[in-house]
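Here's the structure we're looking at; comments come further down.
Residue numbers (this note's numbering): 1 to 367.
Below, the structure written as structure tokens:
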């Protein structure tokens with residue numbers, strides 16, 4: 001069978017599934033398969049679950065580096081809902097993850113239809129971000145993603161302000177990710193202007209101020225993440241980052257690197273300014289990630305919104321061309337998404353390569 005015939009058959013099957021009322025169940029199946037292949041594990045020491053039991057005091061009893069207390073929103077929500085036991089807290093985190101993915105699928109469906117939602121959502125579900133979220137369930141990342149997703153679509157001033165306040169109160173990385181999304185949307189004139197950028201910045205700073213006011217009110221002393229970064233020398237950070245090249249770099253997007261390559265090969269000439277800006281931002285994000293032990297995790301949180309914006313803009317360019325152009329682009333994404341489901345999953349942490357919980361399960365089963 002010719003590759004073009006195979007891709008055409010895949011494309012037709014996705015279109016058929018997109019026309020079914022139960023198309024959303026197809027995404028659910030993809031998520032279930034990824035969960036099984038990846039496995040689920042709880043973040044070591046469960047700092048955020050333990051923090052949710054009492055977020056109103058200095059929690060050096062959890063760890064003397066209590067920079068995790070800079071994350072306020074998730075523990076406070078869990079405390080308010082009285083979902084603070086290991087079981088209920090992690091169920092809450094899982095529901096937030098599923099809710100965030102469902103929201104993304106719905107918003108893409110609302111804009112471009114079910115077939116496109118199936119394709120784009122599969123790229124999210126099979127991304128390294130999912131790998132890390134499922135491997136370290138109990139982190140604030142699922143909530144960060146859920147709050148970030150609407151910023152890919154909305155231009156509502158009240159919503160942007162609210163989301164950036166809450167997002168910054170959940171994790172400071174949210175501010176950088178949100179600003180990057182709005183810069184790229186501004187470049188492509190996606191109903192965004194300088195006012196949205198300024199409002200996102202004001203909202204983010206307000207969120208950080210809320211966290212600081214909360215800490216001052218309860219006399220909570222927090223060791224900042226910047227203090228942790230300064231503990232290591234530049235030589236130490238360099239050694240951590242080059243130890244497992246190029247595997248650590250591939251872990252940043254995994255198979256989604258090929259989706260980016262397709263976008264650049266097909267559409268770079270149509271909007272050079274946008275695609276060059278994306279390269280600059282991704283390099284900036286890697287520079288930020290350079291000073292973190294959570295290489296794959298932090299880069300994924302920073303860059304997934306950028307990746308989604310690239311996919312969205314590339315699809316819009318494809319729509320402005322012939323239907324064959326659009327078909328070829330979607331066929332490539334379908335193939336990448338399917339391969340990505342079954343691609344070995346791993347992530348880079350503390351300079352080493354770590355496999356997901358499924359591989360540990362296989363080792364126990366075989367050995």
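Ideal Cβ placement from N, Cα and C applies to all residues, glycine included.
Predicted, not measured: the structure shown is a model, and the values here were computed from it.
Following the continuous alpha helix (DSSP H) through residue i, name the residue where it begins and the one where it ends.
i: residue 48; result: 47-53
i: residue 234; result: 234-242
i: residue 222; result: Here residue 222 belongs to no alpha helix (DSSP H), and DSSP marks it neither H nor E.
i: residue 281; result: 272-289
i: residue 81; result: 73-81
i: residue 435; result: Given that the chain is displayed from residue 1 to residue 367, the structure contains no residue 435 and the question cannot be resolved.
i: residue 110; result: 86-112
i: residue 61; result: Looking at the DSSP string, residue 61 is not in any alpha helix (DSSP H), and its letter there is neither H nor E.
i: residue 302; result: 295-319
i: residue 247; result: 247-250
i: residue 265; result: 256-267
i: residue 164; result: 157-170
i: residue 5; result: 3-18
i: residue 184; result: 173-187
Looking only at DSSP bridge pairs, what is residue i linked to?
i: residue 347; result: 354
i: residue 42; result: 137
Keeping to the same chain, check which residues put their C-beta closer than 7 Å to that of residue i; ignore five residues upstream and five downstream.
i: residue 86; result: 46, 49
i: residue 52; result: 75, 78, 79, 84, 89
i: residue 267; result: 314, 317
i: residue 207; result: 164, 165, 166, 167, 168, 169
i: residue 299; result: 252, 285, 286, 289
i: residue 100; result: 142, 145, 146, 149
i: residue 177; result: 148, 301, 302, 305
CB of residue i to nearest heavy atom of the ligand PLP: below 8 Å?
i: residue 72; result: Here there are no bound small molecules, and the ligand PLP is not part of this structure.
Would you grab the beta carbon distance between residue i and residue j for me? Rounded to a whole angstrom, and I think it's under 8 Å.
i: residue 356; j: residue 38; result: 5 Å
i: residue 173; j: residue 144; result: 7 Å
i: residue 306; j: residue 181; result: 7 Å
i: residue 138; j: residue 97; result: About 11 Å; that fails the 8 Å criterion.
i: residue 134; j: residue 40; result: 5 Å
i: residue 23; j: residue 17; result: 5 Å
i: residue 34; j: residue 341; result: 6 Å
i: residue 359; j: residue 222; result: Incorrect: roughly 35 Å between the Cβ atoms, too far for contact.
i: residue 152; j: residue 308; result: 6 Å
i: residue 334; j: residue 119; result: 6 Å
Return the chain-ordered list of same chain residues with a C-beta closer than 8 Å to the C-beta of residue i, the five sequence neighbours on each side being excluded.
i: residue 293; result: 240, 349, 350, 351
i: residue 296; result: 128, 131, 132, 248, 251, 252, 347, 348, 349
I want to see whether chain D comes within less than 9 Å of residue i, judged by CB atoms only; does it?
i: residue 102; result: Among the chains in the structure shown there is no chain D, since it carries only a single protein chain.
Excluding the five sequence neighbours on either side, which residues of its own chain have a C-beta within less than 6 Å of the C-beta of residue i, listed in chain order?
i: residue 161; result: 199, 203
i: residue 210; result: 169
i: residue 229; result: 291
i: residue 171; result: 71, 140, 144
Examine the Cβ distances between the stretch 19-36 and the stretch 169-186 and report whether three or more of them are shorter than 8 Å.
no
Stretch-stretch touch, CB-based, cutoff 8 Å, three pairs: the stretch 52-72 with the stretch 210-224
yes
Taking three-plus beta-carbon pairs below 8 Å as touching, is the stretch 257-275 in contact with the stretch 325-337?
yes
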